[in-house]
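Student: One structure follows; several queries about it will come next.
Protein chains: 2
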Amino acid sequence: MSLFELQIDAQDGAARATTFETAHGTVQTPLFMPVGTHATVKGITPEVLAEIGAQIVLANTYHLYMRPGTDVLQEAGGVHEFMNYHGPMLTDSGGFQLFSLEHMMKPGDDGVSFQARDYDGSKHHWTPEDNMRIQEEIGADIVMQLDQCVGYPAERASVEASTKLSWEWGERCLRSHQREDQALFGIVQGGMHLDLRLESIRQLRAAEDRNLAAGGRRFDGFGIGGYSVGEPHELMFETLPAVCEAMPQDRPRYLMGVGNPTTLVRAVAAGVDMFDCVLPTRTGRMGTAFSSTGRMNLSNAKYTHDHGPLDSQCSCSVCQNYSRAYLRHLVKQGEMLGGILLSQHNLFYLLNLMRQARAAILEGSFDAFYEEWMASPAANDY
Amino acid sequence: MSLFELQIDAQDGAARATTFETAHGTVQTPLFMPVGTHATVKGITPEVLAEIGAQIVLANTYHLYMRPGTDVLQEAGGVHEFMNYHGPMLTDSGGFQLFSLEHMMKPGDDGVSFQARDYDGSKHHWTPEDNMRIQEEIGADIVMQLDQCVGYPAERASVEASTKLSWEWGERCLRSHQREDQALFGIVQGGMHLDLRLESIRQLRAAEDRNLAAGGRRFDGFGIGGYSVGEPHELMFETLPAVCEAMPQDRPRYLMGVGNPTTLVRAVAAGVDMFDCVLPTRTGRMGTAFSSTGRMNLSNAKYTHDHGPLDSQCSCSVCQNYSRAYLRHLVKQGEMLGGILLSQHNLFYLLNLMRQARAAILEGSFDAFYEEWMASPAANDY
Chain A
84 MSLFELQIDA QDGAARATTF ETAHGTVQTP LFMPVGTHAT VKGITPEVLA
134 EIGAQIVLAN TYHLYMRPGT DVLQEAGGVH EFMNYHGPML TDSGGFQLFS
184 LEHMMKPGDD GVSFQARDYD GSKHHWTPED NMRIQEEIGA DIVMQLDQCV
234 GYPAERASVE ASTKLSWEWG ERCLRSHQRE DQALFGIVQG GMHLDLRLES
284 IRQLRAAEDR NLAAGGRRFD GFGIGGYSVG EPHELMFETL PAVCEAMPQD
334 RPRYLMGVGN PTTLVRAVAA GVDMFDCVLP TRTGRMGTAF SSTGRMNLSN
384 AKYTHDHGPL DSQCSCSVCQ NYSRAYLRHL VKQGEMLGGI LLSQHNLFYL
434 LNLMRQARAA ILEGSFDAFY EEWMASPAAN DY
Chain B
84 MSLFELQIDA QDGAARATTF ETAHGTVQTP LFMPVGTHAT VKGITPEVLA
134 EIGAQIVLAN TYHLYMRPGT DVLQEAGGVH EFMNYHGPML TDSGGFQLFS
184 LEHMMKPGDD GVSFQARDYD GSKHHWTPED NMRIQEEIGA DIVMQLDQCV
234 GYPAERASVE ASTKLSWEWG ERCLRSHQRE DQALFGIVQG GMHLDLRLES
284 IRQLRAAEDR NLAAGGRRFD GFGIGGYSVG EPHELMFETL PAVCEAMPQD
334 RPRYLMGVGN PTTLVRAVAA GVDMFDCVLP TRTGRMGTAF SSTGRMNLSN
384 AKYTHDHGPL DSQCSCSVCQ NYSRAYLRHL VKQGEMLGGI LLSQHNLFYL
434 LNLMRQARAA ILEGSFDAFY EEWMASPAAN DY
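If you read the sequences in order, they're chains A and B.
Mapped onto my numbering, the consecutive letters of the first sequence carry residue numbers 84 to 465.
Mapped onto my numbering, the consecutive letters of the second sequence carry residue numbers 84 to 465.
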């Protein structure tokens, strides 16, 4: 199997189990990617990432560009060496960060001007080509095109403009990206408008056809951006199945920034392969755990004398070794170990949920898995 | 070898290498004890404690009594089970905490009254007997007598009074302590006054003679308290060698709250066997690392492009796997992993220093080890 070539191991309804190779190892979908924005998954060592079965770790181009800077990453031999994580990695382009810090952003046809007010206030301009060069320097295994994303609600005209800009930037990224050991993913935008989403997909495919005709490359996969930006939860599912159906079968589909367990299960049913979200580590640091009975807030006094495991249905080492009473004590005391262990459990929980989904798809029993999930107490956990 | 019986493996000058058994395993001295005040060594998992070779973990009676409370610890089957650490543990009596929060403390002949203003403001009274019962409930392998400690500088009369109170409380602890699987250590006080220190030792020994004559137990070891309370560094070394010399040969000697590398080396030379201090984890969380060239502040810009190991002389996994540039990046970003990894390295550094001291004593080359240390750049690190 050549690098990034998608093997479809099984399909069950729209849900898919796939495998592809990266320069740092093989990955199997559906999968969840722990987020290591600043070249570290907060509170989690690479040893623990291996233990819990993380397949791809995500980092962020905007943040790494600001600190430590691509010069430092290049000196180190790339982001993997820098952070001592030797498995597959993905960098988001930073487009979302520039959008979510909207006051800093001035997008134009030729790229985006921004002021890094969350760092040193310095001013920068990125063309799509600059962004590709930066991601090549960072050196992840999968890089995302530079895109523009609008929030919700938004005027249709504004969504149209950013969607068009995104596919144009996608084509420029496709033309300028050089590293053959890196996959490049285009990003489907279009907000909550199905017609714009479908047009986005058509335009990205037309761009890759042009690039292929010119002897260039195609996209190795596609992100689905612009969801989970403040809209009501159900709104995404009104369009997501049709969006997935219109996307190429032979490339991985990555729903960006989505991390709620039930949303993952439903999106897998719609045909999504990959996910990322800060939710498991962020909520873990705040003392909250995912569990088979729904979300648990460990600062709750009812756990003071509860010496049972965090989640009796979970096989992670935190659930094997620590009690609710101890985890509550750590959370109550503000001890670092509380956030560390809950982050580890929460990551395992989502990684394992996707492993279970994969096993069900391979067995042809995804429907039963889905129904069982949706009937479980954990499904109410949005 | 019966429980807590001290085997002197070698002596080199006043420096000793010893071995003793606890109910949770064998320990070898000289040794440094990582501090886990609230039943967690900050940011460090039990797996890492095993990896770095921690022999005894210290917890604190006052803090555990306040939270989670001894009821919770007893339900869990003791502090080891509660925190999932199955090696030897020691609890300090809490006397030092009540002293260091002096405004809260009202010592009297019958014990100490205090208000837990750092928790819920509740009022408590501990007799020495209460303190023993609490430490039995917590369930560490080594417990310390309740003592009273004064700061520096202090009126001689005040040091005299607290020293006398401490040996009286020591005798009451000796009489009331019941658990045969727990070692009980007396605590030598006396401030900076050698005559008071020697009197403290005589009185503690007289107390144990009386207790033995009554069919009771002796102390299984002795703490040396009341140093490192604000006095100039050299002042301790004016009396420490004579204090050690006057202490029983056949019991471990534990210099409480001391954790500076050079102080450890010098105190081993004076005849001390055991140490504890929050320094390695506290400074680690603040971005500072011990090293063979002295203390390093990783927030210093000079490490930005320094891709070498933290300490090229150190064999710990942090120094094997991470660069100064990465650790600086983590510290600069305020990432949890920075504090975690620097704490781990700093603990390894002190644990390893004591392993090296032990090896030198066993070889009869402690003088050379000592001279080499004192001539090294690390020796200036106070």
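Glycine is no exception: its CB is placed at the ideal position from the N, C-alpha and C atoms.
Helix, strand or coil for His-428/A per DSSP?
Tutor: Reduced to three states, the DSSP call for His-428/A is helix.
Student: Give, in chain order, every unbroken run of the beta strand (DSSP E) that is at least 3 residues long and sits entirely within the stretch 300-343 of chain A.
Tutor: Segments of the beta strand (DSSP E) lying fully in the stretch 300-343 of chain A: 304-307, 336-338.
Student: Can a CB atom of chain A be found closer than 8 Å to the CB of Thr-128/B?
Tutor: Output row for Thr-128/B: interface = yes.
Student: Please tell me whether Leu-141/A has its Cβ less than 8 Å away from any Cβ of chain B.
Tutor: No, no contact with chain B.
Student: I need the boundaries of the beta strand (DSSP E) containing Glu-263/A, first residue and last residue.
Tutor: Segment: none, Glu-263/A is in no beta strand (DSSP E) and carries neither H nor E.
Student: Report the CB separation of Ile-127/A from Leu-430/A in whole angstroms; it is logged as a contact under 8 Å.
Tutor: Indeed they touch by this definition, with Cβ atoms about 7 Å apart.
Student: Can you tell which of Leu-248/A, Asp-333/A, Val-233/A, Ser-382/A has its C-alpha closest to the C-alpha of Thr-102/A?
Tutor: Ranking Leu-248/A, Asp-333/A, Val-233/A, Ser-382/A by Cα distance to Thr-102/A puts Asp-333/A first.
Student: Is there a Cβ from chain B that is less than 8 Å from the Cβ of Ala-461/A?
Tutor: So, not an interface residue.
Student: Using three-state DSSP, classify Val-195/B as helix, strand or coil.
Tutor: Correct three-state label for Val-195/B: strand.
Student: Just to make sure I have the definition right: I need the residues of chain A whose C-beta is within less than 7 Å of the C-beta of Asn-404/B. Which are they?
Tutor: Asn-167, listed in chain order.
Student: Here's the rule: buried if 16 or more other CB atoms are within 10 angstroms of the residue's CB, otherwise exposed. What is Ile-91/A?
Tutor: With fewer than 16 Cβ atoms within 10 Å of its Cβ, Ile-91/A is classed as exposed.
Student: Below 8 Å on C-beta distance, what does Ile-270/B contact in chain A?
Tutor: What Ile-270/B touches in chain A: nothing, since even the nearest Cβ is about 26 Å away.
Student: One question on the structure: do Ala-159/A and Ser-406/B come within less than 8 Å of each other, judged by their Cβ atoms?
Tutor: Cβ distance < 8 Å, so Ala-159/A and Ser-406/B count as in contact.
Student: Assuming Ala-137/B contacts Pro-117/B under a Cβ cut-off of 8 Å, what Cβ separation, rounded to an integer in Å, is found between them?
Tutor: Yes, Ala-137/B and Pro-117/B are in contact; Cβ-Cβ is about 5 Å, under 8 Å.
Student: For Arg-378/A, which of helix, strand or coil comes out of DSSP?
Tutor: Correct three-state label for Arg-378/A: coil.
Student: Can you tell me whether Met-172/B is buried or exposed? The criterion is at least 16 other CB atoms within 10 Å of its CB, across all chains shown.
Tutor: It is buried - the Cβ of Met-172/B has at least 16 other Cβ atoms within 10 Å.
Student: Any beta carbon of chain A sitting closer than 8 Å to that of Lys-385/B?
Tutor: For Lys-385/B, the answer is no, since every Cβ of chain A falls outside 8 Å of its Cβ.
Student: Find the residues of chain A that neighbour Gln-416/B, judging by a C-beta separation of less than 7 Å, and give them in chain order.
Tutor: Neighbours of Gln-416/B on chain A, chain order: His-121, Arg-150.
Student: Should Glu-282/A and Gly-274/A be called a contact, given that it needs their Cβ atoms to be closer than 8 Å?
Tutor: Taking 8 Å as the Cβ cut-off, Glu-282/A and Gly-274/A do not qualify as a contacting pair.
Student: How long is the line joining the alpha carbons of Val-226/A and Ser-311/A, rounded to whole angstroms?
Tutor: Val-226/A and Ser-311/A: Cα-Cα distance of roughly 21 Å.
Student: Cβ closer than 7 Å: which chain A residues qualify as neighbours of Val-155/B?
Tutor: Those are Thr-387, His-388, Ala-408, listed as they occur along chain A.
Student: Assuming Gly-38/B and Arg-368/B form a contact by the criterion Cβ under 8 Å, report the distance between their Cβ atoms to the nearest whole angstrom.
Tutor: No statement about residue 38/B is possible, as the shown extent of chain B runs from 84 to 465 and does not include it.
Student: Is it buried or exposed, Ser-176/B, if we count other Cβ atoms within 10 angstroms and call 16 or more buried?
Tutor: By the 10 Å Cβ count, Ser-176/B comes out buried.
Student: Whose C-beta lies closer than 6 Å to the C-beta of Pro-324/B among residues of the same chain, with five residues either side of it excluded?
Tutor: Closer than 6 Å at the Cβ level, and outside the excluded window around Pro-324/B, lie Ala-353.
Student: Where Leu-433/B and Leu-424/B are concerned, what is the direct C-alpha to C-alpha distance, given to the nearest angstrom?
Tutor: About 15 Å.
Student: Any heavy atom of the ligand NAP inside 7 Å of the beta-carbon of Arg-411/B?
Tutor: Summarising the ligand content, the structure contains no ligands, and the ligand NAP is consequently not present.
Student: Can you name the residues of chain A whose CB is closer than 9 Å to the CB of Glu-158/B?
Tutor: Within chain A, the residues near Glu-158/B are His-388, His-390, Ala-408.
Student: Should the stretch 282-299 of chain A be regarded as contacting the stretch 255-266 of chain A, the criterion being three or more beta carbon pairs within less than 8 Å?
Tutor: In short, these stretches touch, since the Cβ pair count reaches three.
Student: Pop quiz: Ser-375/B and Ser-459/B are said to be a contact at Cβ under 8 Å. What is the actual Cβ separation, rounded to whole angstroms?
Tutor: Their Cβ separation, rounded to whole angstroms, is 7 Å, which keeps Ser-375/B and Ser-459/B in contact under 8 Å.
Student: For a contact meaning CB atoms closer than 8 Å, what does Ile-423/B contact in chain A?
Tutor: Here the neighbours are Gly-126, Thr-128, Met-419, Ile-423.
Student: Looking only at C-alpha atoms, which of Met-357/B, Val-351/B, Tyr-148/B, Pro-331/B sits nearest to Gly-340/B?
Tutor: For the residues Met-357/B, Val-351/B, Tyr-148/B, Pro-331/B, the minimum Cα distance to Gly-340/B belongs to Met-357/B.
Student: Are the Cβ atoms of Leu-287/B and Gly-269/B separated by less than 8 Å?
Tutor: Yes; because the gap between Cβ atoms is below 8 Å, this pair is in contact.
Student: Where DSSP assigns a beta bridge to Gly-108/B, which residues make up the other side?
Tutor: DSSP lists Thr-105/B as partners of Gly-108/B.
Student: Would you call the CB atoms of Thr-105/B and Leu-86/B closer than 8 Å?
Tutor: Result yes, Cβ atoms of Thr-105/B and Leu-86/B sit closer than 8 Å.
Student: At which residue ranges does the stretch 117-180 of chain A contain complete alpha helix (DSSP H) runs of 4 or more residues, listed in the order of the chain?
Tutor: Complete alpha helix (DSSP H) runs here, min 4: 129-135, 144-149, 153-159, 162-166.
Student: For chain B, is any of its Cβ atoms less than 8 Å away from the one on Leu-413/A?
Tutor: Output row for Leu-413/A: interface = yes.
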